[in-house]
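K.L.:
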Amino acid sequence: MVNFSLEGKVALVTGGVYGIGFAIAKAFHEAGAKIVYNCNTQSSMDMGVANYKEAGIDATGYMCDVIDEDGVKAMVADIEKRIGTIDILVNNAGIIKRIPMTEMDAEEFREVVDIDLVGPFICSKAVIPGMIKKGHGKIINICSMMSELGRETVSAYASAKGGLKMLTRNICSEYGDANIQCNGIGPGYIATPQTAPLREIQPDGSRHPFDQFIIAKTPAGRWGTPEDLMGPAVFLASDASDFVNGHILYVDGGILAYIGRQP
């Protein structure tokens, strides 16, 4: 029988306070995992505590920035001491800055790459020794359609997410023989608080131009929801995916398969 259970597993979801990270953490909890998440501000921590309490999930939160290597090491060591060796890591924490490339400062570019690419490197590096010692592990990197495609104003984000795709493949290549599976999930356009402004109804009653664009480009004819990512995440975190490694699973409603309607 295929085993999708995460019973007794310890899962760390970075940036797991709301949106995609929270939905994945909720799915892991329902599959039996113990949930740990991090955030880097007190306001985010307060939101996380409230969200998990409302969902009835006994989760453990840490104040830790994913680009602080010493802080991440200390967090992982404390998780191992208090809860157990991390079986599942979801590198979900990330940011985006929508700025035309010629108007973007190098420091702004670096900030996006640091959080979206260097952060997953630091967190993965911190958990891999414990996974090797335990004899198994699952790392899931939250990639993007921008791991494959470019678009105006997202040069830093696309560069970071393209790099994250290759980091995924390299972790697979380097640690697959230690029974560590590293895969990615590439969400399509997901309806979250961050994308809400792009879906607002206009004063004349029409849909936002970007909303119209996404609907027209998506064979499914809708935005995705965080819940659409729950099943794929459980699959990649469970024993059901033990021979799946270095793969990016795009959960995009078919956008990457579709050239678009003829005008």
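In terms of this note's numbering, the numbers along the sequence shown are unbroken and rise by one, the last being 263.
Backbone N, C-alpha and C fix where the C-beta goes; we use that ideal spot for every residue, glycine too.
Computed from a predicted model, the values in this text were never measured in an experiment.
1. Are three or more beta carbon pairs between the region 200 to 213 and the region 111 to 130 nearer than 8 Å?
2. Could you work out which residue in Tyr250, Ile20 and Gly8 is closest to Ser147 when comparing CA atoms only?
3. Cα-Cα, which of Gly94, Glu80, Gly260 and Gln212 is closest to Pro219?
4. Throw me the rounded Cβ distance for the Ile83 and Val36 pair, which I believe falls under 8 Å.
5. Where do the N-terminal and C-terminal ends of the alpha helix (DSSP H) with Tyr157 fall, by residue?
6. Would you mind reading off the limits of the beta strand (DSSP E) that contains Ala23?
7. Could you tell me whether the Cβ atoms of Lys165 and Cys143 are closer together than 8 Å?
8. Given a cut-off of 8 Å on the beta-carbon distance, is the pair Val13 and Val90 in contact?
9. DSSP has Cys39 in a bridge; who is on the other side?
10. Run the proximity test for Gly224: is its beta-carbon closer than 7 Å to any non-hydrogen atom belonging to the ligand MG?
11. Using only the alpha-carbon positions, how far apart do Thr41 and Asp105 sit?
12. Going straight from the alpha carbon of Glu107 to that of Lys97, what length do you get?
13. Rounded to a whole number of angstroms, what is the C-alpha to C-alpha distance between Ala27 and Phe121?
14. Apply the 10 Å Cβ neighbour rule to Asp58 and answer buried if 16 or more other Cβ atoms are within range, or exposed otherwise.
15. How big is the Cα-Cα spacing for Ile95 and Tyr157?
16. Please confirm whether Gly15 and Asn92 have their CB atoms less than 8 Å apart.
17. Output the boundary residues of the beta strand (DSSP E) element that contains Lys138.
P.N.:
The structure says:
1. Under the 8 Å Cβ criterion, the region 200 to 213 does not count as touching the region 111 to 130, having fewer than three qualifying pairs.
2. Selected option, being the one with the closest Cα: Tyr250.
3. The option with the nearest alpha carbon to Pro219 is Gly260.
4. Taking the Cβ atoms as the reference, Ile83 lies roughly 6 Å from Val36, within the contact range of under 8 Å.
5. It spans Ser155 to Tyr175 - the alpha helix (DSSP H) in which Tyr157 sits, taken as one unbroken run.
6. It is not in any beta strand (DSSP E) - Ala23 instead sits in the alpha helix (DSSP H) that spans Gly19 to Glu30.
7. Cβ atoms of Lys165 and Cys143: closer than 8 Å.
8. Judged by their CB atoms, Val13 and Val90 are nearer to each other than the 8 Å cut-off.
9. BP columns for Cys39 point to Met63.
10. With respect to the ligand MG, the structure offers nothing, as it holds no ligand at all.
11. Approximately 24 Å between the Cα atoms of the pair.
12. The alpha-carbon atoms of Glu107 and Lys97 are separated by roughly 12 Å.
13. Cα to Cα, Ala27 sits roughly 24 Å from Phe121.
14. Exposed is the call here.
15. Near 8 Å, if we compare the C-alpha coordinates of Tyr157 and Ile95.
16. Closer than 8 Å, so yes.
17. First-last of the beta strand (DSSP E) with Lys138: Gly137 to Ile142.
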